[in-house]
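For reference, the structure discussed in these notes is given below.
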Amino acid sequence: MTDTTSSPGADGGDALVTAFNAVGADYLFCSSGSEWAPVWESLARRHRDGLPCPRYLDLTHETVAVGMATGYGLVSRRPQGVLLHAAPGLLQGSMAVHGALLAGVPMVVSSSESTTYGDGPGQDPGGQWYRNLSIVGGPHGVATPFTKWSTEAASVHTLPAMVTRAAELAWRAPAGPAYLNVPLEILLEEWDGREAKPLVPPGSTHSSPEEVDPVAQLIREARNPVIVTETAGREAGGYEALVAFAEAWNIPVVEPDAAVCGNFPRTHPLHAGSDIGPWMDEADLILLVNCRAPFYPPSRRPSKAQVVVIDEVPQRPHVVYQVLFADRYLEGNVANTLRQLAKRAKDLDEAAVAVRRTAQDERHAAEQAAVAEAETRARAQQRTEGVDPVLVAATLRELLDGTNGIVVDETITHSRVVKRHLRTADPDSYFYVQGGLGQGIAVALGVKLAAGERPVVLTIGDGAFTYNPVVPSYDASKAYELPLLIVVFNNRVYKSMNLNHRRFYPDGAAAETGEWLGTDLHRLPRLAQFAEPFGMHTETVDTSQALGPALERALKAVAEGTTAVVDVLVTR
659 MTDTTSSPGA DGGDALVTAF NAVGADYLFC SSGSEWAPVW ESLARRHRDG
709 LPCPRYLDLT HETVAVGMAT GYGLVSRRPQ GVLLHAAPGL LQGSMAVHGA
759 LLAGVPMVVS SSESTTYGDG PGQDPGGQWY RNLSIVGGPH GVATPFTKWS
809 TEAASVHTLP AMVTRAAELA WRAPAGPAYL NVPLEILLEE WDGREAKPLV
859 PPGSTHSSPE EVDPVAQLIR EARNPVIVTE TAGREAGGYE ALVAFAEAWN
909 IPVVEPDAAV CGNFPRTHPL HAGSDIGPWM DEADLILLVN CRAPFYPPSR
959 RPSKAQVVVI DEVPQRPHVV YQVLFADRYL EGNVANTLRQ LAKRAKDLDE
1009 AAVAVRRTAQ DERHAAEQAA VAEAETRARA QQRTEGVDPV LVAATLRELL
1059 DGTNGIVVDE TITHSRVVKR HLRTADPDSY FYVQGGLGQG IAVALGVKLA
1109 AGERPVVLTI GDGAFTYNPV VPSYDASKAY ELPLLIVVFN NRVYKSMNLN
1159 HRRFYPDGAA AETGEWLGTD LHRLPRLAQF AEPFGMHTET VDTSQALGPA
1209 LERALKAVAE GTTAVVDVLV TR
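The numbers in this note's numbering rise by one with no breaks, and the one at position 433 of the sequence shown is 1091.
Spelled out as structure tokens, the structure:
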């Protein structure tokens, strides 16, 4: 920190804005609260005087604020600022903060409390803190279970450095949200102008040759190795490094259902689908690349394979129960480790490589044929009502081809269909929303904010759509000119819940009487209509023939700057 002369009126609000500016936050995602008046005043002064500061986004729901920061961080991979209101706002946004933790997105989340309740010197914080806003132990205690790090800023003089520390912790592996409680009295306190040091990107750790060489030898000796990855694509350069590694050694790559982003081109001949099951007995070497939970149930041990874990932080602190069956760990930077292993792809047993490559070519060809057959069946259906979800995903793929588009997915029962038939093939082209349902629109808006001209498509189920804060999300889309294509896979039911009911009680009373509680969504109005008051493009589709033209019109509207919502009534 350096000492500078305090400017007139400088207070904790200036200290906080200066600190976020120093750590390189492009945005402050804010769901307004009464404690942020000092921040707003600081921003107003800076806008008036032409001084640098993060761009402020005024958002009308906490999930939208945190979700947009998550989406932006998925693409930018740098920590942003999020401002919520006291403990209630933090609690309202907690699901999305937890989602950011699961997704590995860095951010600094702040909210406030009062420490004097009107009985101290200085400005009156207001009676609302005494009556109903405060919480025992402070909001930093509430945030502890769903953040990487949580504490209170106890002084305006240490506030800038505390923001720097929070951002540094958030950015380092495993990346995730840090929380800072900034009491209102500190925001109102006079600040002496000591500024935060600019944030320095994290350094990298590398696995040593002594660790990498034995793993390369294991791969060289393996007859039937397989790579399994969930989040390699979340690492800077990880997508490209994984492709180079798999190609150098000719090893198939499985992206299990737990994969939360695009990690490997789904069109690549070495892509081996999403089912790790066949490899559990066949593989003699399993390379887990950024996998937090590869085996289910966790006790399902590979029958003969050695397991190598390649992950900068393999034992994720926020995962309650984690079983990896590791025989070896490579814990350096993932992209670097993969590049080091790719360089060691020498002196291979060409006969063994040919055998496994032939087997993989057969698997890939069978999968391509199965995908094509499913799409042919979907196109051939002549239904008077309803569209096969396979056709929805396939049509989206065709329309997005060559556009450099990004898909954000918040479907449940259709998630496998979306992944299988969209077949994304580029880095940062697919993200699956983490944590509880109801964040998808906000995350997609944040992705769009970072992605610029690239088209962004949100695929979402009707159940997930109703969990989202739809009105505040549409408000943000319109206010900040962030056009999305939202495609609703609408089967008029909470199907995942219904499937569990049927699975747990196949011969129960509900099966006997047809009384399936907690699942029916037929009573909802047409979901596209919620966008009409915002002047957005809306379509409702219930036939296969209408699907393609409707999606074309919607994408055209998005290209012209308007969010489009296409509610597709699917058959299952």
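Using N, Cα and C, we set each Cβ at its ideal position, and we do this for glycine too.
Delimiting residues of the alpha helix (DSSP H) encompassing residue i
| i | result |
| --- | --- |
| TYR1125 | 1120-1125 |
| ARG823 | 817-829 |
| ASP871 | 867-879 |
| SER1131 | 1128-1137 |
| PHE1162 | 1153-1162 |
| ASP1007 | No alpha helix (DSSP H) contains ASP1007, which DSSP labels as neither H nor E. |
| VAL1048 | 1047-1058 |
| TYR897 | 896-907 |
| ALA1204 | 1202-1217 |
Closest by C-alpha distance to residue i, when choosing among the options
| i | options | result |
| --- | --- | --- |
| ALA906 | LYS962, GLN998, GLU1020 | GLN998 |
| VAL1146 | TYR1125, ILE1118, ALA1167, GLU1139 | ILE1118 |
| VAL965 | PRO883, ARG1002, ASP1019, LEU928 | PRO883 |
| VAL794 | VAL814, VAL1050, GLU771 | GLU771 |
| GLY747 | ARG1037, PHE687, MET938, GLY784 | PHE687 |
| SER734 | THR925, ALA930, ASP1086 | ASP1086 |
| VAL977 | ALA754, ALA951, GLY799 | ALA951 |
| HIS1195 | GLY757, VAL1224, PRO867, LYS962 | VAL1224 |
| GLN1092 | GLY1176, THR721, GLN973 | THR721 |
| PRO859 | PHE678, ASN839, ARG830, GLY851 | ARG830 |
| VAL767 | HIS798, ASN790, ARG789 | HIS798 |
| GLY861 | ARG1150, GLU970, GLU913, LEU846 | GLU970 |
| GLU888 | VAL675, ALA904, VAL918 | VAL918 |
| GLY682 | PHE1192, ALA825, LEU742, ALA1032 | ALA825 |
| LEU1209 | THR1053, GLY1193, ALA1167, LEU1182 | THR1053 |
| GLU1068 | GLY1121, LEU1179, VAL873 | GLY1121 |
| ALA745 | GLY796, LYS1136, MET726 | GLY796 |
| HIS743 | GLN786, VAL1011, ARG713 | GLN786 |
| ASP782 | LEU732, LEU845, ALA1028 | LEU845 |
Opening and closing residue of the beta strand (DSSP E) in which residue i lies
| i | result |
| --- | --- |
| ALA1222 | 1222-1227 |
| ARG713 | 713-717 |
| ASN839 | 835-839 |
| ARG1184 | Here ARG1184 belongs to no beta strand (DSSP E), and DSSP marks it neither H nor E. |
| VAL681 | Element bounds for VAL681: n/a, residue is neither H nor E. |
| LEU988 | 986-988 |
| PHE1089 | 1088-1090 |
Beta-bridge partners of residue i, as assigned by DSSP
| i | result |
| --- | --- |
| GLN964 | LEU943 |
| HIS1195 | ALA1222 |
| MET938 | DSSP output for MET938 lists no bridge partner at all. |
| GLN738 | MET765 |
| THR809 | LEU838 |
| PRO883 | LEU943 |
| ILE1144 | LEU1116, VAL1223 |
| ILE1064 | VAL1114 |
| ASP669 | GLU848 |
| HIS976 | Paired residue(s): none; HIS976 is not in a bridge. |
CB contact flag (residue i, residue j, <9 Å)
| i | j | result |
| --- | --- | --- |
| ARG1184 | THR1198 | yes |
| VAL1115 | ILE1064 | yes |
| VAL1101 | VAL1066 | yes |
| GLU810 | PRO841 | yes |
| GLN1026 | THR728 | no |
| TRP780 | GLU699 | The displayed chain sequence assigns Gly, not Trp, to residue 780. No; because the gap between Cβ atoms is not below 9 Å, this pair is not in contact. |
| VAL1050 | LEU1205 | yes |
| THR773 | ALA1134 | no |
| GLY1089 | VAL1105 | A quick correction: the sequence has Phe, not Gly, at residue 1089. Yes, the pair counts as a contact, with Cβ atoms nearer than the cut-off. |
| TYR954 | PHE922 | no |
| ASP684 | GLN750 | no |
| ARG1007 | ARG878 | The sequence shown places Asp at residue 1007, rather than the Arg named in the question. Yes, the Cβ-Cβ distance between ASP1007 and ARG878 is below 9 Å. |
| ALA754 | VAL724 | yes |
| ALA854 | ALA819 | yes |
| THR1171 | ASN991 | no |
| ARG1055 | LEU1095 | no |
| SER769 | GLU693 | yes |
| VAL886 | LEU946 | yes |
Near the ligand GDP: residue i beta-carbon under 8 Å from a heavy atom
| i | result |
| --- | --- |
| GLY1098 | Inclusion of the ligand GDP in the displayed structure is not the case, the ligand content being empty and no account of it being possible. |
Beta-carbon separation (whole angstroms), residue i vs residue j, contact threshold 8 Å
| i | j | result |
| --- | --- | --- |
| ALA833 | PRO764 | 4 Å |
| LEU1143 | TYR730 | Going by Cβ atoms, the distance from LEU1143 to TYR730 rounds to 18 Å, so no, they are not a contact pair. |
| LEU817 | GLY670 | 6 Å |
| THR805 | ALA761 | Actually they are not in contact, since the Cβ atoms of THR805 and ALA761 sit about 13 Å apart, beyond 8 Å. |
| TRP849 | ALA668 | 5 Å |
| VAL1226 | PRO1113 | Their Cβ separation, rounded to whole angstroms, is 18 Å, which puts VAL1226 and PRO1113 out of contact at 8 Å. |
| TYR1152 | LEU1179 | 7 Å |
| ALA677 | PRO856 | Wrong, their Cβ atoms sit about 10 Å apart, outside the cutoff. |
| GLU989 | SER865 | 7 Å |
CB contact check: residue i to chain B, cutoff 9 Å
| i | result |
| --- | --- |
| VAL724 | Absent here is chain B; the protein component of the structure consists of one chain. |
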